[in-house]
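Structure record follows, encoded as structure tokens.
Protein chains in written order, with the numbering used here: chain A, 1 to 562; chain B, 1 to 165.
Right, dumping it as structure tokens:
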């Protein structure tokens, strides 16, 4: 039997295992939304306040669950509003399918009302994209979109569907199962043997991993490898939550605002085993100085990441879980007491430096210390709580301090650094049935606070913690350190009352300036099971430390402000 | 040095944008790019010439391989590859210079494909250096306009770029 293109879209989404989509209706997707209405008992559509929020929600849903996130928007501005969300997902390798409507084929290319070349616009920020001009190809194109999004290194795929294709009729036969991803490249046996040789020879191995370890589901293999070769572990921002923060081998995030111990340990190692990471400039600092003292074994599913940013002595393309698993069988078990002693020493040093820095920051008036905020909130949350951040100082404080214990419990915009990511992503995590906490700043929150409306409509069990310092703190920190305290446009000077704002949206909110107040607020917020905003007052001159200055290296690490 | 690569892509709309866009986006420079159908109408073949070191070459190859519509990529070894370019060039024609131009055309195994009392259009196929030399030679007579195709290249012997991955 022939059915409409719009129905084919909905049937194919359901066939691919999609039960929740995020989006916003409009003229060129009205047929599609009609089908969503007719099938509302089979697939849930969550209406956001803005298409960007919907894209971030699909992203958050995907990161929290590992499934493909789906977002739907209309043509023109609806489609362009998705772009930041798609780019965010692209930079962080998040599987997503974005479906956009477009003007009918006959009107394409004529600058018709709400027409935009979204395929052209999103080409650089998608794994692949399609415009479907023939309804007979629609179902297979959507299936292929899911397949591409999930295969190898995951990423976003966009499918643009002109309105007349949504109304045209075609035969449809549902598939029994979702498409299977393209087979993964498996690491070359000889290269793995070479890797094992290098590891066996190493006296000070260090494992550095990234987000690929989470999407590749290889956290158990990682620990097993580290245990067998007696190596410390550090990660990039994207790797956070793969390994429990309190794991004895785990030194934390490294890089620009990474932990002192992990950055120094890496520099003092003789071999860095990089797993599912891409050596972003934020993780390495000065590329000439980085890796001066050590060799690198780089294993990644994406061949284009190998030898791209940092030259590796040995580069291996392959599925990370399979590669580490086989590598474990090839390496010798060893004990490296001198190296372990040095690592313990570095941890001690880090503790002393952190305490000195904390002593310096706290006590400047009636404000909360950022680390105290993270500590107090984390004590009220449980291990399953999904922690979401926006971008800026609060993001780094959370990344450094929050005690994670399960993969996929930390959602943050790492590669693109998208302020305004948090609310959408938190709503996505909530839609996946997770309790979520959003750490945000007053700057970032200003970019996505409209999604409070969505959180309230969805009755999302979401705790929103604003680290409110009245400034764009991360840029201010740079201005303090490198621009002679020229606070150009980073002092917000707004009179926004976030508590009243929360109430205006139909959420609860309260303001805190002391630890005691925050303790009590957190208790109420976590018991609430609905959106609950806590406005935490933070001093505008709190710094994120340590810091490798931009273009700098571990030699220039700043651990206290003089 | 200059590398010449052959790229087999799906013959569908937008594929040239995807390939050329990757070069622009990642800051790689293209010397020349040609595209045309292959023996299989489902695929096109793109020949790209670019300058760079081995590192740039490898990054270009791996980025191209990642594109969904790219089916095959190969660096063509200049020693084992026939590389050609086509030139159409319109030169000013008058009684005094006509004979000299005709001589050049003959020596270079070029062909006159259009003739008017005031212009001569020549067609020339060859490697880049030969095309360059011919242009230099006729320059003094006055080049009215010219166009060159950029490189096309195919390996000698049995080696083939397959159209199916």
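Cβ atoms here follow ideal geometry from the backbone N, Cα and C, with glycine treated the same way.
Treat the numbers as computed from the prediction; the structure is a model and nothing was measured.
The C-alpha of residue 444 of chain A lies about 14 Å from the C-alpha of residue 416 of chain A. At a Cβ-Cβ threshold of 7 Å, residue 168 of chain A and residue 135 of chain A count as neighbours.
Inclusion of residue 4 of chain B and residue 137 of chain B in the CB contact set at 7 Å is not warranted, their separation being larger than that value. Neighbours of residue 119 of chain A in chain B, taken as residues at a C-beta separation under 8 Å, are given in chain order as 14. Residues of chain A whose Cβ lies closer than 7 Å to the Cβ of residue 58 of chain B are, in chain order, 307. DSSP places residue 205 of chain A in the uninterrupted beta strand (DSSP E) bounded by 205 to 209.
Cβ atoms of residue 122 of chain A and residue 86 of chain A come within 8 Å of each other, at about 6 Å. The Cβ-Cβ distance between residue 208 of chain A and residue 277 of chain A falls below 7 Å. Beta-bridge partners of residue 426 of chain A (DSSP): none assigned.
Exclusion of the five residues before and after residue 435 of chain A leaves 385 and 461 as the residues of its chain whose Cβ lies within less than 6 Å of its Cβ. Neighbours of residue 303 of chain A in chain B, taken as residues whose beta carbon is under 7 Å from its own, are 62 and 65 in chain order. DSSP, read as helix, strand or coil, puts residue 561 of chain A in coil. If you check the CB distance, residue 412 of chain A and residue 440 of chain A do not come in under 7 Å. For residue 178 of chain A and residue 124 of chain A, the gap between their C-alpha atoms comes out near 27 Å. By the Cβ neighbour-count rule, residue 337 of chain A is exposed, with fewer than 16 other Cβ atoms within 10 Å of its own.
For residue 346 of chain A, the CB contacts under 6 Å within the same chain, skipping 5 residues up- and downstream, are 261, 264 and 265 in chain order. Measuring C-alpha to C-alpha distances from residue 228 of chain A to each of A:519, A:328, A:533 and A:430 identifies A:328 as the nearest.
Boundaries of the beta strand (DSSP E) around residue 34 of chain B: 32 to 37.
For residue 337 of chain A, no CB of chain B lies under 7 Å from its own CB, so it is not counted at the interface with that chain.
With contacts defined by Cβ atoms closer than 7 Å, residue 31 of chain B and residue 49 of chain B form a contacting pair. A Cβ-Cβ contact shorter than 7 Å links residue 127 of chain B with residue 83 of chain B.
About 4 Å separates the beta carbon of residue 236 of chain A from that of residue 210 of chain A, a gap short enough to meet the 8 Å contact definition. As the crow flies, the alpha-carbon of residue 406 of chain A is around 27 Å from that of residue 316 of chain A. Between residue 206 of chain A and residue 244 of chain A, the C-beta spacing is not below 7 Å. Within the DSSP bridge table, the entry for residue 171 of chain A names A:2 as partners.
At a cut-off of 7 Å between beta-carbon atoms, residue 21 of chain B makes contact with chain A.
The three-state reading of DSSP puts residue 68 of chain A in coil, since its state is none of H, G, I, E or B.
With fewer than three CB-CB distances shorter than 8 Å, the stretch 490 to 503 of chain A does not count as touching the stretch 421 to 429 of chain A. Three or more Cβ pairs drawn from the stretch 442 to 456 of chain A and the stretch 47 to 65 of chain A lie within less than 8 Å of each other, which places the two stretches in contact.
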